[in-house]
Amino acid sequence: MDFSKIEKEAIEKINSVEDLNELEKVRLSYLGKKGNISQEMKNIANLSIEEKKEVGKKLNNLKNLIHKKIEEQKIIIKKFITNKKISGEKIDLSLPSRNFKSGKIHPISQTIEEVINIFSSMGFSVAEGPDIETDYNNFTALNIPPHHPARDMQDTFYLTDNEKEKLVLRTHTSPVQIRTMFKNKPPLKIIVPGRTYRCDSDSTHSPMFHQVEGLLVDQSSTMAHLKGCLIDFLKAFFEIDTLKYRFRPSYFPFTEPSAEMDVAYKKISGVLKFGEGSDWLEILGCGMVNPRVLDNCGIDSKKFQGFAFGMGIERISMLKYGITDLR
Ligand code: PHE
Numbered sequence: 003m004d005f006s007k008i009e010k011e012a013i014e015k016i017n018s019v020e021d022l023n024e025l026e027k028v029r030l031s032y033l034g035k036k037g038n039i040s041q042e043m044k045n046i047a048n049l050s051i052e053e054k055k056e057v058g059k060k061l062n063n064l065k066n067l068i069h070k071k072i073e074e075q076k077i078i079i080k081k082f083i084t085n086k087k088i089s090g091e092k093i094d095l096s097l098p099s100r101n102f103k104s105g106k107i108h109p110i111s112q113t114i115e116e117v118i119n120i121f122s123s124m125g126f127s128v129a130e131g132p133d134i135e136t137d138y139n140n141f142t143a144l145n146i147p148p149h150h151p152a153r154d155m156q157d158t159f160y161l162t163d164n165e166k167e168k169l170v171l172r173t174h175t176s177p178v179q180i181r182t183m184f185k186n187k188p189p190l191k192i193i194v195p196g197r198t199y200r201c202d203s204d205s206t207h208s209p210m211f212h213q214v215e216g217l218l219v220d221q222s223s224t225m226a227h228l229k230g231c232l233i234d235f236l237k238a239f240f241e242i243d244t245l246k247y248r249f250r251p252s253y254f255p256f257t258e259p260s261a262e263m264d265v266a267y268k269k270i271s272g273v274l275k276f277g278e279g280s281d282w283l284e285i286l287g288c289g290m291v292n293p294r295v296l297d298n299c300g301i302d303s304k305k306f307q308g309f310a311f312g313m314g315i316e317r318i319s320m321l322k323y324g325i326t327d328l329r
């Protein structure tokens, strides 16, 4: 029996099969009960002991080889079938889009943009600072020393216990006043839009909110300029020439004198009518920069003076767009 010829033939046959049924037929023709190899195995009985050993070993090797080749070919055929199936199938995973006309900018972002536009036209430039501030910039430099009761109104999130460099989530945008005055010499004229944080949460307060700060430092600006600037801003922002407002005396450690500004509104059957009426909504704090703050930043308070204000973006946004609940 020519083993190498049978081997060669078998391998050729196996490799050329492209179908699992055909492959099974080939397998049976060699390894099945009536297959070539099985028949040869039976014939061994007629051989001498020596020959039995030799032929038996070769037949076994051949049997194992054919078995192995068939298993390999099985994998190849299965892969081929799968690939063919995949390339023939098309699955459309897309869903038709919902019928949105278009996306919209968030009211807070839109309000910040509007605020920047108006103050830019008055000659203010935009400054920024980090959300995580030093306790010094957020409080102490603004004339709010440790243990000052004003800290209580601006309770916030404290980040470290390190005595040297206490860090807080800033409670207002005012620390950017400090950063700006440390870095630049007057005249200064900036606004600072940004995120701020306090332990506060209800329909008109959220723990994270937005403010825009204003700071002007020069040699001659007065409270009258501050008032004119804010009145012009509010009339432009709310697009109401006859806007009814009032300034109320107030207290901030970093301004002296200080004021808060309210805008009038009335509610007609649940709808907010803004800019007139006899109810008042506070929208900002302001005042003349406290000379101590200027001195803390290395600016000579005998030579320079100025004003500052801080406004809640959510507040003016809710008023302008008639949003009654922040949440
Ligand atoms: N920082 C003050 C606040 O958050 C607002 C303010 C800013 C008041 C600047 C005066 C001057 O309440």
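Following this note's numbering, the numbering of the sequence shown begins with 3 at its first residue and continues without gaps.
C-beta: ideal position from N, C-alpha, C; glycine also.
Because the structure is a prediction, the values reported are computed rather than measured.
In this structure, alanine 310 has its beta carbon less than 7 Å from a heavy atom of ligand 1. In the DSSP secondary-structure assignment, tyrosine 160 is bridged to Val170. Between the stretch 223-230 and the stretch 117-126, the count of C-beta pairs closer than 8 Å stays below three; the two stretches do not touch. In the pairwise beta carbon analysis, the stretch 64-78 is classified as touching the stretch 19-28: at least three pairs are separated by under 8 Å.
By the C-beta density criterion, serine 176 is buried, having at least 16 other C-beta atoms within 10 angstroms. Shown here, proline 148 sits in coil according to DSSP, grouped into three states, outside any helix or strand. For glycine 287, the CB falls within less than 7 Å of some heavy atom of ligand 1. Of the candidates Gly279, Pro251, Met183, Pro251 places its Cα closest to the Cα of proline 259.
The C-beta distance from isoleucine 315 to isoleucine 114 rounds to 6 Å, short enough to meet the 8 Å contact threshold. Cβ neighbours of tyrosine 160 within its own chain (closer than 6 Å, five residues either side excluded): Val170.
For glycine 287, the enclosing beta strand (DSSP E) has its first and last residue at 281-291. As DSSP reads the structure, serine 127 sits in a beta bridge with Ile192. Residue burial is scored here from C-beta neighbours: alanine 143 has at least 16 other C-beta atoms within 10 angstroms and is therefore classed as buried. Taking C-beta atoms as the reference points, valine 265 and leucine 296 fail to come closer than 8 Å.
Judged by DSSP in its simplified three-state form, glutamine 213 adopts strand. For the stretch 36-76, the continuous alpha helix (DSSP H) assignments of 4+ residues that do not extend past its boundaries occur at 38-45, in sequence order. Going by DSSP, glutamate 20 is part of no beta strand (DSSP E) at all; its letter is neither H nor E. Membership of glutamate 316 in the alpha helix (DSSP H) is indicated by the continuous run 315-323.
When beta bridges are read from the DSSP output, threonine 136 appears opposite Leu169. DSSP places isoleucine 270 in the strand class (E or B) of the three-state scheme. A distance of 8 Å or more separates the beta carbons of proline 195 and serine 203. Sorting Gly324, Asn85, Asp234, Asp157 by C-alpha distance to the C-alpha of glycine 272 places Gly324 at the top. Going by DSSP, proline 255 is part of no alpha helix (DSSP H) at all; its letter is neither H nor E.
Counting C-beta pairs closer than 8 Å gives fewer than three between the stretch 93-103 and the stretch 290-310, which falls short of the contact rule. Distance from the Cα of glycine 58 is smallest, within the candidate group Ile46, Ser50, Asn66, for Ile46.
Taking 7 Å as the cut-off, the C-beta of phenylalanine 159 does not count as close to any heavy atom of ligand 1. For aspartate 204, the three-state secondary structure derived from DSSP is strand. Less than 8 Å separates the beta-carbon of lysine 65 from that of isoleucine 39. In this structure, threonine 224 has its beta carbon at no less than 7 Å from each heavy atom of ligand 1.
Note that the C-beta distance between glycine 287 and valine 219 is not below 8 Å.
Around the beta carbon of arginine 100, a 10 Å sphere encloses fewer than 16 other beta carbons of the protein chains shown; the residue is thus reported as exposed. The secondary-structure analysis by DSSP pairs tyrosine 32 with nothing; it has no beta-bridge partner. Here the alpha carbon of arginine 294 sits roughly 12 Å from the alpha carbon of isoleucine 180. For lysine 229, the enclosing alpha helix (DSSP H) has its first and last residue at 225-240.
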